[in-house]
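Asker: If you read the sequence shown in the UniProt record's numbering, its first letter stands for residue 1, the second for the next number, and so on. Even glycine gets a Cβ: it sits at the ideal position worked out from N, Cα and C. Since this is a predicted model, take the numbers as computed values, not measurements.
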Amino acid sequence: MTNLLLEGMYTSRQEMLHYRQRTRAPPLSFFRDGSGRPRGDEDRFRFGRESSFQWNSENNFIYYIEDEDDDLEELKWAEKEEKRLDGWKKQFIATRDHGSEDEDTHLLSPSFFGKSRSNLLHINVGGTSYYISYIVAASYPKTRIGRLATYTDRQRKLDLCDDYNPVEDVYFFDRDPAIFHHIYNFYRTGVLWVRDELCPRSFLEEINYWGVRVKHTPRCCRISFEERQDELNEQLKVQRELRAEMETEENEELFRGMLYGPLRRHIWNLMEKPFSSVTAKGMAVASSFFVLISVVAMTLNTVEDMQYRNSFGVANGRPYLEHVETLCIAFFTLEYVLRIISTPDIQRFVRSVLNAVDLIAILPLYLQMLIETLSEENDGGKRSSHEQEIEAVGRVGKVGQVLRIMRLMRIFRILKLARHSTGLRAFGFTLRQCYQQVGCLLLFIAMGIFSFSAMVYTVEHDVSGTNFTSIPHAWWWAAVSISTVGYGDTYPETHLGRLFAFLCIAFGIILNGMPISILYNKFSDYYSKLKSYEYTTVRKKRGKVNFTGRAMKKVSECYTGVPTQYLPGHH
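1. What runs of the alpha helix (DSSP H), each 4 residues or longer, lie entirely inside the segment 172–237?
2. Would you mind listing the alpha helix (DSSP H) stretches within the segment 340–373 that are 4+ residues and don't spill past its ends, in chain order?
3. Give the secondary structure of Tyr-435 by DSSP, where H, G and I count as helix, E and B as strand, and everything else as coil.
4. Quick check on DSSP: helix, strand or coil for Asp-462?
5. For the beta strand (DSSP E) that Thr-128 lies in, which residues bound it at each end?
6. Based on DSSP bridge pairs, tell me the residues matched to Val-125.
7. Suppose contacts are defined by Cβ-Cβ distances below 8 Å. Is Val-456 in contact with Glu-493 by that definition?
8. Can you tell me where the beta strand (DSSP E) with Asn-165 in it begins and where it stops?
9. So, helix, strand or coil for Leu-496, using DSSP?
10. Are the segment 255–264 and the segment 346–359 touching by the rule of at least three beta carbon pairs closer than 8 Å?
11. Under 6 Å Cβ to Cβ from Leu-365, same chain only, skipping five residues before and after it: list those, please.
12. Give the single residue among Phe-331, Leu-503, Ile-505, Ile-179 whose Cα lies nearest to the Cα of Cys-199.
13. Identify the residues that DSSP records as bridge partners of Leu-120: which are they?
14. In angstroms with no decimal places, state the Cα-to-Cα distance between Phe-332 and Met-409.
15. Pick out whichever of Leu-359, Val-191, Leu-242, Asp-525 has its Cα sitting closest to the Cα of residue 627.
16. Hey, out of Val-278, Ile-471, Leu-321, Phe-507, whose CA is closest to Glu-304's CA?
17. Would Leu-121 and Tyr-134 qualify as a contact pair, given that the criterion is a beta-carbon distance under 8 Å?
18. With DSSP as the reference, label Gly-486 as helix, strand or coil.
19. Measure the alpha-carbon distance for Phe-225 versus Asp-169 and round it to whole angstroms.
20. Does Val-278 come out as helix, strand or coil in the three-state DSSP assignment?
21. Hey, would you say Gly-127 sits closer than 8 Å to Pro-177, going by beta carbons?
22. Can you give me the start and stop residues for the alpha helix (DSSP H) that Gly-261 sits inside?
23. Using the beta-carbon count (16 or more within 10 Å), is Ala-506 buried or exposed?
24. Measuring alpha carbon to alpha carbon, tell me which residue in Asp-163, Asp-345, Glu-205, Tyr-164 is nearest Ile-183.
25. Measure the C-alpha to C-alpha separation of Arg-154 and Gln-229 and round it to an integer number of angstroms.
26. Under three-state DSSP, which class holds Asp-305?
27. Quick check on the burial criterion: 16 or more other C-beta atoms within 10 angstroms. Buried or exposed for Gln-433?
28. Closest to Tyr-209 by C-alpha separation, out of Asp-196, Glu-234, Gly-146, Leu-236, would be which residue?
29. Would a C-beta distance cut-off of 8 Å place Leu-511 and Ile-482 closer than the cut-off?
30. Could you give the residue range of the alpha helix (DSSP H) that holds Ala-149?
31. Under three-state DSSP, which class holds Thr-469?
32. Have a look at Phe-255 and Ile-346 and give me their C-alpha separation to the nearest angstrom.
33. Are the Cβ atoms of Gly-190 and Arg-144 separated by less than 8 Å?
34. Determine the closest residue to Ser-524 out of Lys-281, Phe-427, Thr-302, Met-369, with distance taken between C-alpha atoms.
35. Among Glu-231, Arg-195, Asn-233, which one has its Cα closest to the Cα of Pro-218?
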């Protein structure tokens, strides 16, 4: 009888390899039937591989996957199983000669003997009963069930479970039984199978609780699982950043301990929450209106018919559009001051990009006024008006350059529309999220410009009357060709140079088509999410009014014409 048991226990290397290569383990019933006995006693418990990983009790979901050669891993596992079974065989023979029959049955899996339930570890996970051999569970001593099978101290066992029934010797765990079914199969087969319908985050939490590592999964399941996990983490990151992008509401507790807290909160809502009141909505509309007026005034300021020439013959936009621009800057200044005095977090206010744009929009005019004031103070003295005019003409070249730079900064006023435009914010958010793709695109463009400009210069610089006099002069041609614009001001004349030009244009077509789909897909996704958050915010501010119900009520009243009348006694 003993020899038959040992022969049934021993498995050859080919059988182990064949068993490991199967994609699905044979079903094993583990539920209780009406008699209270575990079904599936005729099925043999399989022994899994030994585990050597450390138990993680800090809910750390970071797993390091080692890439191993599959064939070598299978051979090592088979050899280890043979050695382990040989050890069990020797231990069984030694115990048979010096021990009792009960001790013999305790060493081997109960499925080989009389199915004594005292040798089965009975656990209940989420209302579902499971039976695991003590030897099978002890094969993974670092897992929770493995420690439950190997610990001898009753208190340490109770610390591992949520509850315990001493009458039936059942350990209860308040965990997800659907995911534990895969853990149970892992103890039977030594392989942790992962299905696509499982939530990666929940699955990681459960296997971390049971002490099983992701590295026990097959490579096919592991690749699919890691891809879904990375995609989920990326989506969660984008969701958090989008909420931060839309988050303008400050915590009410920040205003409570502040000086003039209620007043400052009212001003903050007026400036930052357009949907909080009708006045706030009007403030947002007025801000957008002044931005457009300022841009139009700056544009018309360059029209010659709307300018006049001073005594030096210098044309400028004064005084026709000076008052319009001054009025716009005064409104922008008031808006910026109200924001900075009402903000509950000055550091967050300073770090905001939109607030920096507001400051840049009003700063050029004040710097220009400061420079002109200092210049007028230097003109003081008893010099004649003719001498002052001559000196003023000399300062035009110095002060004029500074003023041109400051006037150029006025174009940033158009960026103030991003505060009230969901599309502009989605575009800026897309560029921030795709900075790696955009950086790679710029790197490839720079490499193409340097390479093709050097090629064309090499074959064209000896041609008489050529514009390719140096490699830096050829940069402009290469940039225009890669962008597929082709102004035609500079072009190669030799056959080899035209061949390089064709390659440069083909490279530009391929390069420009690569990031377009990525940027467009991300922009459309971010824009739709920002709009949904904006809609949710509006609904929340308005108290979640049921506009559809009110509209249907109004329509029904219009069709009936009179309120509904009830007969006496039929209310």
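Answerer: Looking at the coordinates:
1. Here the runs fully enclosed are 177–189, 200–210.
2. If only complete runs of 4 or more residues are kept, the segment 340–373 shows the alpha helix (DSSP H) at 346–351, in order along the chain.
3. It is helical.
4. Asp-462: coil per DSSP, three-state reduction.
5. Thr-128 -> beta strand (DSSP E) spans 128–133.
6. Residue pairing for Val-125: DSSP places it in a beta bridge opposite Thr-128, Phe-173.
7. Against a cut-off of 8 Å, the Cβ pair of Glu-493 and Val-456 comes out as no contact.
8. Per DSSP, Asn-165 belongs to the beta strand (DSSP E) from 163–165.
9. DSSP places Leu-496 in the helix class (H, G or I) of the three-state scheme.
10. Taking 8 Å as the limit for Cβ pairs, the verdict is that the segment 346–359 does not touch the segment 255–264.
11. When the five nearest sequence neighbours on each side are left out, the beta carbons in the same chain lying within less than 6 Å of the beta carbon of Leu-365 are those of Ile-329, in order along the chain.
12. Ranking Phe-331, Leu-503, Ile-505, Ile-179 by CA distance to the CA of Cys-199 puts Ile-179 first.
13. For Leu-120, the beta-bridge partners assigned by DSSP are Ser-133.
14. In this structure, the straight-line span from the alpha carbon of Phe-332 to that of Met-409 is close to 15 Å.
15. In this structure the chain extends from 1 to 571, so residue 627 is not present and cannot be described.
16. With distances taken between CA atoms, Glu-304 lies nearest to Leu-321 out of Val-278, Ile-471, Leu-321, Phe-507.
17. Yes.
18. Shown here, Gly-486 sits in coil according to DSSP, grouped into three states, outside any helix or strand.
19. Between Phe-225 and Asp-169, the C-alpha separation is close to 36 Å.
20. For Val-278, the three-state secondary structure derived from DSSP is helix.
21. Contact flag set, yes.
22. Unbroken alpha helix (DSSP H) run through Gly-261: 261–272.
23. Classification for Ala-506: exposed.
24. Nearest C-alpha to Ile-183: Glu-205.
25. Each residue's Cα considered, the two are about 38 Å apart.
26. Helix.
27. The residue is buried, with at least 16 neighbouring Cβ atoms inside 10 Å.
28. Comparing Cα-Cα distances from Tyr-209 to each of Asp-196, Glu-234, Gly-146, Leu-236, the minimum goes to Gly-146.
29. Yes, these two residues count as a Cβ contact at 8 Å.
30. Note, Ala-149: alpha helix (DSSP H), 144–150.
31. If DSSP states are grouped into helix, strand and coil, Thr-469 belongs with coil.
32. Looking at the two C-alpha atoms, the distance is approximately 13 Å.
33. Not in contact: Gly-190 and Arg-144 (Cβ atoms no closer than 8 Å).
34. When the alpha-carbon of Ser-524 is set against those of Lys-281, Phe-427, Thr-302, Met-369, the nearest one is in Phe-427.
35. The shortest C-alpha separation from Pro-218 is found at Arg-195.
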